[in-house]
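**Student:** Protein chains in written order, with the working numbering: chain E, 4 to 209; chain W, 50 to 264. Cβ coordinates follow ideal geometry from the N, Cα and C atoms, glycine included. Here it is: the structure, laid out below.
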């Protein structure tokens with residue numbers, strides 16, 4: 004007979020909100036929060052990212068999965084502490100750029116995986132970036148831009164962050180950015196896509 | 050400068066799906082309904098516009114081209130323009146309505162779909178404009194080449210804005226970064242010449258793994 008946890012996983016995997024709503028109280032009754040995430044939520048999200056990377060799943064389906072995970076997070080947080088990774092990530096799009104779709108997807112992905120996220124928004128000034136990261140003592144700062152004309156500012160933010168928050172990691176991403184540009188900016192990593200971001204982040208914060 | 054309204058019928062649903070990450074797969078029924086609904090609304094959108102101007106090449110070297118509106122600093126574009134007699138400067142926008150749809154979406158999924166629809170509108174508006182230019186001028190055109198492509202810095206947008214007043218199309222831009230609003234706007238140049246004109250600038254570009262590379 005199929006276990007409650009298995010049915011719960013299936014509900015997220017098939018992005019079936021009604022089934023998830025039905026299974027959520029049952030899975031919470033039978034499993035602790037750690038099990039719900041390590042054996043339920045994360046394996047399904049990992050599969051969804053892999054399918055997305057292989058173009059077997061579109062961005063909307065990945066977002067639907069994350070939306071269901073957000074429902075789970077809300078439900079379980081009423082019942083106790085959710086299994087956070089105890090890492091605080093600050094995200095934003097640098098000044099001079101208002102393209103924020105990629106950053107918003109990354110924000111939801113990080114939250115789905117239990118990171119604490121502060122979203123500074125788009126067209127964020129250098130000083131706002133630094134102040135925002137310092138105020139929460141960020142473990143990692145993700146800076147996004149689609150515009151090559153903002154690179155100088157991006158470099159400035161990275162330099163100031165390294166001065167003000169010793170040990171902070173910085174990850175950069177955006178359409179024209181590649182590993183070479185990330186290295187030139189002295190970023191700690193280049194966020195190639197949403198599919199591999201969690202592993203890159205875990206590697207940086209290990 | 051010639052300007053025109055571009056009909057929303059240019060939107061190809063298959064290209065929207067590709068933009069949303071569907072390779073060989075199809076969206077789920079729930080997502081399909083959302084995409085269909087957005088496409089239906091998009092076909093009623095007004096404000097998709099384009100403008101162009103044809104300009105002689107006034108000087109050239111291996112490093113770039115002098116256009117009368119400013120220097121195009123791109124060895125790659127200089128290479129493909131070797132047989133061109135004139136240049137076309139073009140500008141298109143999907144319009145403010147698309148930005149509003151993205152910003153006013155109820156959730157990130159809807160916003161993402163509208164963002165993809167807007168991207169496709171702007172890309173296909175460029176194709177539409179090139180077709181119109183070919184019909185109106187009778188000249189052969191190369192593929193469009195935009196500031197930020199290949200070896201042409203995004204700051205080269207200044208040259209296109211010198212040639213075409215962006216405010217006429219309702220486009221404003223950030224002074225330093227040249228980021229355009231509405232966000233789904235595209236500026237470009239293309240070479241004009243005869244049938245033996247080199248058409249693909251990507252042939253001369255060293256960014257072999259560029260996701261924009263055209264064959």
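1) Quick check on the DSSP output: the alpha helix (DSSP H) that includes residue 145 of chain E runs from which residue to which?
2) So for residue 122 of chain E, helix, strand or coil by DSSP?
3) Less than 6 Å between C-beta atoms, sequence neighbours within five positions excluded: which residues of the same chain meet that for residue 175 of chain W?
4) Check whether the region 115-129 of chain W touches the region 196-203 of chain W, taking contact to mean three or more Cβ pairs, one atom from each stretch, closer than 8 Å.
5) Helix, strand or coil: which one does DSSP assign to residue 253 of chain W?
6) Identify each residue in the region 183-202 of chain W for which the Cβ-Cβ distance to at least one residue of chain E is less than 8 Å, and report them in chain order.
7) Does the beta-carbon of residue 61 of chain E have 16 or more other beta-carbons within 10 angstroms, so that it is buried, or is it exposed?
8) If you follow the alpha helix (DSSP H) that residue 167 of chain E is in, where does it begin and where does it stop?
9) Can you check DSSP and say which residues form a bridge with residue 230 of chain W?
10) I want to see whether chain W comes within less than 8 Å of residue 62 of chain E, judged by CB atoms only; does it?
11) For the alpha helix (DSSP H) holding residue 118 of chain W, just list the boundary residues, first then last.
12) Indicate whether the contact test is met: 3 or more Cβ pairs, each with one atom in the region 202-215 of chain W and one in the region 173-188 of chain W, closer than 8 Å.
13) Can you find the residues in the same chain that come closer than 6 Å, C-beta to C-beta, to residue 139 of chain E, ignoring five residues on each side of it along the sequence?
14) Using CA coordinates, which residue listed in W/69, W/85, W/72, W/222 is at the minimum distance from residue 126 of chain E?
15) Comparing alpha-carbon positions, which option in E/106, E/184, E/67, E/171 lies nearest residue 209 of chain E?
16) For residue 107 of chain E and chain W, any beta-carbon pair shorter than 8 Å?
17) Going by C-alpha to C-alpha distance, which of E/141, E/102, E/169, E/51 sits closest to residue 89 of chain E?
18) Going by the CB atoms, is the gap between residue 83 of chain W and residue 170 of chain W shorter than 8 Å?
19) If you draw a straight line from the C-alpha of residue 161 of chain W to the C-alpha of residue 108 of chain W, how long is it?
20) From the DSSP secondary-structure annotation, give me the bridge partner or partners of residue 75 of chain W.
21) Does residue 175 of chain E pass the burial test, meaning 16 or more other C-beta atoms within 10 Å, or should it be called exposed?
22) Give me the Cα-Cα distance between residue 42 of chain E and residue 219 of chain W, rounded to the nearest whole angstrom.
23) Please determine whether the Cβ atom of residue 122 of chain E lies at a distance below 7 Å from any heavy atom of the ligand MN.
**Tutor:** On the basis of the supplied data:
1) Following the DSSP letters along the chain, one finds residue 145 of chain E in no alpha helix (DSSP H) but inside the beta strand (DSSP E) bounded by residues 143-147.
2) Three-state result, residue 122 of chain E: strand.
3) Cβ within range, chain order: 141, 193, 235.
4) Yes, they touch.
5) Residue 253 of chain W falls in the helix class under three-state DSSP.
6) From the region 183-202 of chain W, only 197, 202 have a Cβ closer than 8 Å to chain E.
7) It counts as buried.
8) Run containing residue 167 of chain E: 154-167, per the alpha helix (DSSP H) assignment.
9) Beta-bridge partners assigned by DSSP to residue 230 of chain W: W/221.
10) Closer than 8 Å to some Cβ of chain W, the Cβ of residue 62 of chain E qualifies, so yes.
11) First-last for residue 118 of chain W: undefined, no H or E at that position.
12) By the Cβ rule, the region 202-215 of chain W does not count as touching the region 173-188 of chain W, because fewer than three pairs are nearer than 8 Å.
13) Excluding residues within five positions, the ones whose Cβ falls inside 6 Å are 91, 121.
14) Taking only the C-alpha atoms, the option nearest residue 126 of chain E is W/222.
15) Check the Cα spacing between residue 209 of chain E and each of E/106, E/184, E/67, E/171: the tightest is with E/171.
16) Answer yes: the Cβ-Cβ gap between residue 107 of chain E and chain W drops below 8 Å somewhere.
17) Among E/141, E/102, E/169, E/51, the Cα nearest to that of residue 89 of chain E is on E/141.
18) With respect to the 8 Å criterion, residue 170 of chain W and residue 83 of chain W are not classified as neighbours on the basis of their beta carbons.
19) When rounded, the distance between both Cα atoms is 43 Å.
20) Under DSSP, residue 75 of chain W shares a beta bridge with no residue.
21) Flag for residue 175 of chain E reads buried.
22) Residue 42 of chain E and residue 219 of chain W: Cα-Cα distance of roughly 52 Å.
23) As for the ligand MN, it is missing from this structure, which has no ligand bound.
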